[in-house]
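Undergrad: Chains as they are written, first to last, in our numbering: chain A, 130 to 352; chain B, 130 to 352.
2 protein chains.
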Amino acid sequence: MAKRSDATRGRLSREAIIVSAVALADSEGLEAVTIRRLAQEHGVTPMAMYWHFNDKDSLLDGLAEHLIEAVKLPEPSDADWDAQLRDILLAFLTVIRPHPALAGLALRRILAAESGLLIAERVLGLLRQAGYAAGRAAEVGTFLICSIVTLANADPVGGPHRTGEDLEQVFRVKRARLESLPPSRFPNVIAAAPALVTCREADDFFDLNVELLVQGVRGLPRG
Amino acid sequence: MAKRSDATRGRLSREAIIVSAVALADSEGLEAVTIRRLAQEHGVTPMAMYWHFNDKDSLLDGLAEHLIEAVKLPEPSDADWDAQLRDILLAFLTVIRPHPALAGLALRRILAAESGLLIAERVLGLLRQAGYAAGRAAEVGTFLICSIVTLANADPVGGPHRTGEDLEQVFRVKRARLESLPPSRFPNVIAAAPALVTCREADDFFDLNVELLVQGVRGLPRG
DNA sequence: ACCTGAACACCGTTCAAGT
DNA sequence: ACCTGAACACCGTTCAAGT
Numbered sequence: 130m131a132k133r134s135d136a137t138r139g140r141l142s143r144e145a146i147i148v149s150a151v152a153l154a155d156s157e158g159l160e161a162v163t164i165r166r167l168a169q170e171h172g173v174t175p176m177a178m179y180w181h182f183n184d185k186d187s188l189l190d191g192l193a194e195h196l197i198e199a200v201k202l203p204e205p206s207d208a209d210w211d212a213q214l215r216d217i218l219l220a221f222l223t224v225i226r227p228h229p230a231l232a233g234l235a236l237r238r239i240l241a242a243e244s245g246l247l248i249a250e251r252v253l254g255l256l257r258q259a260g261y262a263a264g265r266a267a268e269v270g271t272f273l274i275c276s277i278v279t280l281a282n283a284d285p286v287g288g289p290h291r292t293g294e295d296l297e298q299v300f301r302v303k304r305a306r307l308e309s310l311p312p313s314r315f316p317n318v319i320a321a322a323p324a325l326v327t328c329r330e331a332d333d334f335f336d337l338n339v340e341l342l343v344q345g346v347r348g349l350p351r352g
Numbered sequence: 130m131a132k133r134s135d136a137t138r139g140r141l142s143r144e145a146i147i148v149s150a151v152a153l154a155d156s157e158g159l160e161a162v163t164i165r166r167l168a169q170e171h172g173v174t175p176m177a178m179y180w181h182f183n184d185k186d187s188l189l190d191g192l193a194e195h196l197i198e199a200v201k202l203p204e205p206s207d208a209d210w211d212a213q214l215r216d217i218l219l220a221f222l223t224v225i226r227p228h229p230a231l232a233g234l235a236l237r238r239i240l241a242a243e244s245g246l247l248i249a250e251r252v253l254g255l256l257r258q259a260g261y262a263a264g265r266a267a268e269v270g271t272f273l274i275c276s277i278v279t280l281a282n283a284d285p286v287g288g289p290h291r292t293g294e295d296l297e298q299v300f301r302v303k304r305a306r307l308e309s310l311p312p313s314r315f316p317n318v319i320a321a322a323p324a325l326v327t328c329r330e331a332d333d334f335f336d337l338n339v340e341l342l343v344q345g346v347r348g349l350p351r352g
């Protein structure tokens with residue numbers, strides 16, 4: 130698609146590859162992120178990529194790290210631990226939500242990058258502050274991070290990104306299907322149909338469920 | 130690997146294909162589940178699969194449905210809504226936990242299958258009972274289901290399934306890496322290192338975090 | 001109804017070689 | 001240091017054909 134000159138003038142670089150990979154994942158989904166495809170976009174042979182990355186997996190490592198590094202952790206403060214925890218979770222969510230196709234990559238790579246370790250350290254610290262023992266803090270903290278990824282990943286339509294018009298149509302079809310279920314067996318699904326179909330688009334969905342997580346941490350025995 | 134006779138004597142069938150696909154995903158991960166690979170295991174041409182499934186995606190639909198159908202929903206009872214909700218979430222988790230590689234498939238397919246709609250109906254019903262309005266129930270319910278999938282998916286080592294010996298070694302290496310971080314910057318990560326590495330293996334991890342979700346539902350404003 | 005054969009356009013990756 | 005060329009073993013899928 131692009132000749133050598135416009136994607137990156139001059140040389141290929143890790144950074145340039147990662148940036149275009151993110152863009153590709155956003156527009157066409159993770160399965161479009163391909164060594165060969167990226168090479169083509171940079172006007173270069175597929176094998177050129179192997180000078181910059183050991184293999185595809187380390188490209189994905191790079192993508193995950195690139196995202197995690199963008200998280201702006203709020204400074205530690207005197208606020209209650211639950212307020213601080215919420216802010217950290219929201220800071221993480223803010224960064225990955227625009228990249229649902231890449232969210233899943235973070236799942237098993239948070240503790241791999243320095244920036245991810247910093248997030249983990251802060252979350253664990255607040256959980257200790259809340260009264261959790263180290264072991265429990267690890268279990269709960271792990272789950273909290275995974276949950277944020279899940280929220281970001283809960284993109285309405287998986288795979289290729291569709292645009293407005295298309296998306297509306299997909300929603301209409303899904304809603305109609307749910308609403309045509311037998312009312313005697315599925316009253317609650319039918320009542321919730323509009324929200325079930327579109328809720329992952331609303332900011333409300335994210336705020337509400339981050340709050341659910343924080344409330345859950347508050348409600349648990351600290352052992 | 131298998132000649133036509135032993136995988137399934139007689140004929141190929143949707144069921145037989147799905148069963149072997151589940152086994153394959155369990156032993157070698159989702160990326161090993163391939164039309165060609167499955168065909169080979171059944172001693173059949175890849176194209177034979179296309180008589181039983183429209184394409185690979187509908188094979189994956191079938192896998193997801195197969196799992197979801199196995200969920201044994203507890204009967205509605207007079208127990209508190211939160212106890213019932215916990216039991217439903219645990220019933221779902223029990224089924225998908227043995228198949229971490231397949232868990233992700235359920236994310237966007239629960240509302241596609243009849244059996245998934247039944248789970249959704251029950252969860253939504255209990256949330257209504259707890260005082261949630263239909264819209265909020267949809268938002269929270271969607272997240273709860275996604276979270277269970279996330280828990281099941283939070284398999285320690287992604288990809289190919291490793292066995293005991295190997296796994297221990299992986300754990301040792303990861304723990305050592307975390308414990309060798311600078312103590313001044315990562316005190317909590319270091320203290321939690323053993324649990325961070327192995328917690329996804331323990332039953333405790335799952336029970337604790339299901340409880341976190343239920344407590345979260347209790348702590349949220351019902352709007 | 002159920003399956004094969006040949007072909008197409010894709011993958012990731014290795015290895016040797018060029019500048 | 002950075003990239004190419006040719007090759008290998010894989011993918012999913014279509015289309016026409018066999019029984």
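Here a beta-carbon is modelled for each residue, glycine too, at the ideal position from N, C-alpha and C.
Is the stretch 262-270 of chain B touching the stretch 316-330 of chain A, taking contact as three or more C-beta pairs under 8 angstroms?
TA: Segments in contact, yes.
Undergrad: Looking at chain B, is there any beta carbon in it that lies within less than 7 angstroms of the beta carbon of A:L341?
TA: Locating residue 341 of chain A in the first sequence gives position 212, where the first residue counts as 1. Taking Cβ atoms only, chain B reaches closer than 7 angstroms to A:L341, which makes this a yes.
Undergrad: Going by the beta-carbon positions, is the gap between A:L360 and A:A145 smaller than 7 angstroms?
TA: A query on residue 360 of chain A cannot be resolved here, the shown segment of chain A reaching from 130 to 352 and no further.
Undergrad: Does the CB of A:G245 have a neighbour CB from chain B at under 7 angstroms?
TA: Within the first sequence, numbered from 1, the residue matching residue 245 of chain A stands at position 116. No, because no Cβ of chain B sits closer than 7 angstroms to the Cβ of A:G245.
Undergrad: Can you list the alpha helix (DSSP H) stretches of 4 or more residues lying completely in the stretch 197-263 of chain A, in chain order?
TA: Taking only runs of at least 4 residues, the alpha helix (DSSP H) segments lying wholly in the stretch 197-263 of chain A are 210-225, 229-235, 243-258.
Undergrad: Give me the Cα-Cα distance between A:D332 and B:L202, rounded to the nearest whole angstrom.
TA: Walking along the first sequence from the start, residue 332 of chain A turns up at place 203. Walking along the second sequence from the start, residue 202 of chain B turns up at place 73. If you take the alpha carbons of A:D332 and B:L202, they lie about 31 angstroms apart.
Undergrad: Can you check whether the CB of A:N183 is closer than 7 angstroms to the CB of A:G233?
TA: Taking the first residue of the first sequence as 1, we reach residue 233 of chain A at position 104. Taking the first residue of the first sequence as 1, we reach residue 183 of chain A at position 54. No; because the gap between Cβ atoms is not below 7 angstroms, this pair is not in contact.
Undergrad: Along chain B, which residues have their Cβ under 7 angstroms away from the Cβ of A:A276?
TA: Translated into the one-based positions of the first sequence, residue 276 of chain A becomes position 147. Looking at the sequence provided, one finds Ser at residue 276 of chain A rather than Ala. Chain B residues near A:S276: S276, T279.
Undergrad: Using 10 angstroms around the beta-carbon of B:R351, count the other beta-carbons present and answer buried if the total reaches 16, otherwise exposed.
TA: Here residue 351 of chain B is taken as the residue at index 222 of the second sequence, counted from 1. So B:R351 counts as exposed.
Undergrad: Quick check: what's the CA-CA separation for A:F335 versus B:M176?
TA: Mapped onto the first sequence, residue 335 of chain A falls at position 206. Mapped onto the second sequence, residue 176 of chain B falls at position 47. Approximately 43 angstroms between the Cα atoms of the pair.
Undergrad: Out of A:D207, A:H228, A:E160, A:Y179, which has the shortest C-alpha to C-alpha gap to A:A168?
TA: Taking the first sequence and counting its residues from 1, the one referred to as residue 168 of chain A is at position 39. Out of A:D207, A:H228, A:E160, A:Y179, A:Y179 has the C-alpha closest to the C-alpha of A:A168.
Undergrad: Is there a C-beta anywhere in chain A that falls below 7 angstroms from the one on B:E204?
TA: In the second sequence, the residue the question calls residue 204 of chain B occupies position 75. No, B:E204 does not count as interfacial toward chain A.
Undergrad: Measure from the C-beta of A:L234 to each C-beta in chain B and report whether the shortest distance is under 7 angstroms.
TA: Taking the first residue of the first sequence as position 1, residue 234 of chain A is located at position 105. False, the Cβ-Cβ gap to chain B never drops below 7 angstroms.
Undergrad: Could you check what DSSP says for B:R140 in three-state terms: helix, strand or coil?
TA: On the second sequence, residue 140 of chain B is found 11 positions in, with the first residue counted as 1. In this structure, B:R140 counts as coil in the three-state DSSP scheme.
Undergrad: Rounded to a whole number of angstroms, what is the C-alpha to C-alpha distance between B:E170 and B:G254?
TA: Along the second sequence, one-based indexing puts residue 170 of chain B at 41. Along the second sequence, one-based indexing puts residue 254 of chain B at 125. Taking the straight line joining both Cα atoms gives about 43 angstroms.
Undergrad: Cutting at 7 angstroms between CB atoms, please list the residues of its own chain near A:V343, excluding the five before and the five after it.
TA: On the first sequence, residue 343 of chain A is found 214 positions in, with the first residue counted as 1. Hits under 7 angstroms: D211, L214, R215.
Undergrad: Listing by chain order, which chain A residues have their CB less than 8 angstroms from the CB of B:N338?
TA: Position 209 of the second sequence, counted from the first residue, corresponds to residue 338 of chain B. By Cβ distance, chain A contributes E268, V269, F272.
Undergrad: With a threshold of 8 angstroms, are at least 3 pairs of Cβ atoms found where one atom belongs to the stretch 298-306 of chain B and the other to the stretch 242-253 of chain B?
TA: Segments in contact, no.
Undergrad: Of the choices B:V302, B:V278, B:L349, whose alpha-carbon is the least far from that of B:A235?
TA: On the second sequence, residue 235 of chain B is found 106 positions in, with the first residue counted as 1. Among B:V302, B:V278, B:L349, the Cα nearest to that of B:A235 belongs to B:V278.
Undergrad: Using beta-carbon positions only, say whether A:V162 and A:A199 come within less than 7 angstroms of one another.
TA: One-based indexing of the first sequence puts residue 162 of chain A at position 33. One-based indexing of the first sequence puts residue 199 of chain A at position 70. Contact: no.
Undergrad: With a threshold of 7 angstroms between beta-carbons, can B:L222 be considered close to chain A, or not?
TA: In the second sequence, the residue the question calls residue 222 of chain B occupies position 93. No, B:L222 does not count as interfacial toward chain A.
Undergrad: Please determine, among B:I164, B:L256, B:R237, B:A242, the residue with the shortest C-alpha to C-alpha distance to B:I197.
TA: Residue 197 of chain B sits at position 68 when you count from the first residue of the second sequence. Out of B:I164, B:L256, B:R237, B:A242, B:A242 has the C-alpha closest to the C-alpha of B:I197.
Undergrad: Roughly how many whole angstroms lie between the Cα atoms of A:V346 and A:S206?
TA: Residue mapping note: residue 346 of chain A aligns to position 217 of the first sequence, counting from 1. Residue mapping note: residue 206 of chain A aligns to position 77 of the first sequence, counting from 1. The straight-line gap from Cα to Cα measures roughly 19 angstroms.
Undergrad: I'd like the span of the alpha helix (DSSP H) that includes B:F335, first residue to last.
TA: In the second sequence, counting from the first residue as 1, residue 335 of chain B sits at position 206. Start and end: 332-348.
Undergrad: For B:V346, return the contacting residues in chain A, with the cut-off set at a CB-CB distance below 7 angstroms.
TA: Your numbering for residue 346 of chain B matches position 217 in the second sequence. Within 7 angstroms Cβ-Cβ: L341.
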